[in-house]
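Q:
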Ligand code: 5GP
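In my numbering, the protein residues as written are 91 to 265.
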């Protein structure tokens, strides 16, 4: 991918290969489950979720929740807003939460807190990217695509003020 102002970090080919591996791993671990409720965290995880579910061999019920912590900034605001307008009910369900990236861990822990209060049968988390060194809340995903350094990235669903989501690879915007 060539685009002015961006330095590629993870190629589209590497993402595709890793997403296929994650799908296979999840399918193996959850073999025997009748129905998997896949919860995509909007907006950043929409492309990852779309690709991931096509590698999961268990029947899926796909739904969406919305959380935002960055607004238009490139640094986590520390305030996580969940949109309660459309809250899928996860009670008694086998749930896979799909995240774009775990940074401080605040968004992740807020969503988990909400979902756990509804008593799902099981709750697993899959994230495409993990900035493990940026963590302020000690949380860990069950499935991780790539661990990356603490730098701001865009592409494959991730944005900078609404832009770059359509890029097929993960890239670093030049300052
Ligand atoms: P946390 O609550 O873990 O600090 O932040 C998680 C959310 O912040 C992610 O779901 C994502 O929306 C946003 N975020 C964190 N790091 C990045 C990044 O490097 N690039 C982009 N575009 N969003 C990020």
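All C-beta atoms in this analysis are idealised placements derived from N, C-alpha and C, irrespective of residue type, glycine included.
1. Would you check whether the ligand 5GP has a heavy atom nearer than 6 Å to the C-beta of residue 129?
2. Who does residue 254 pair with in a DSSP beta bridge?
3. Any idea what DSSP makes of residue 245, helix, strand or coil?
4. Give the straight-line distance between the Cα atoms of residue 120 and residue 113, rounded to the nearest whole angstrom.
5. Check the DSSP bridge columns for residue 231 and list the partner residues they point to.
6. Mind checking whether the beta-carbon of residue 120 lies closer than 6 Å to any heavy atom of the ligand 5GP?
7. At what residues does the beta strand (DSSP E) containing residue 261 begin and finish?
8. Does DSSP put residue 96 in a helix, in a strand, or in coil?
9. What number of angstroms, rounded off, separates the C-alpha of residue 145 from the C-alpha of residue 211?
10. Three or more beta-carbon pairs under 8 Å between the stretch 202-219 and the stretch 146-154, yes or no?
11. Compute the Euclidean distance between the alpha carbons of residue 240 and residue 152, then round it to the nearest angstrom.
12. Determine the direct distance from the alpha carbon of residue 118 to that of residue 133, and round the result to whole angstroms.
13. Considering only DSSP beta bridges, list what residue 130 is partnered with.
14. Under the DSSP definition of a beta bridge, which residues are partnered with residue 219?
15. Tell me, please, which residues DSSP counts as bridged to residue 212.
16. Does the ligand 5GP have even one heavy atom less than 6 Å from the beta-carbon of residue 136?
17. Going by DSSP, what residue range makes up the alpha helix (DSSP H) through residue 113?
A: From the atom records:
1. The answer is no for residue 129.
2. In the DSSP assignment, residue 254 forms no beta bridge with any residue.
3. Residue 245: strand per DSSP, three-state reduction.
4. The alpha-carbon atoms of residue 120 and residue 113 are separated by roughly 11 Å.
5. Residue 231 is not bridged to any residue.
6. No.
7. Unbroken beta strand (DSSP E) run through residue 261: 260-263.
8. In the three-state reduction of the DSSP assignment, residue 96 falls in the strand class, which pools E and B.
9. Going by C-alpha positions, residue 145 is about 22 Å away from residue 211.
10. As far as the Cβ criterion goes, the stretch 202-219 does not touch the stretch 146-154, which means the pair count is below three.
11. Rounded to whole angstroms, the separation of the alpha carbons of residue 152 and residue 240 is 30 Å.
12. In a straight line, the C-alpha of residue 133 is about 27 Å away from that of residue 118.
13. Bridge partners of residue 130: 154 and 188.
14. DSSP lists 191 and 236 as partners of residue 219.
15. Paired residues: 184.
16. Result no, Cβ not under 6 Å from the ligand 5GP.
17. Residue range 102-119 is occupied by the alpha helix (DSSP H) that includes residue 113.
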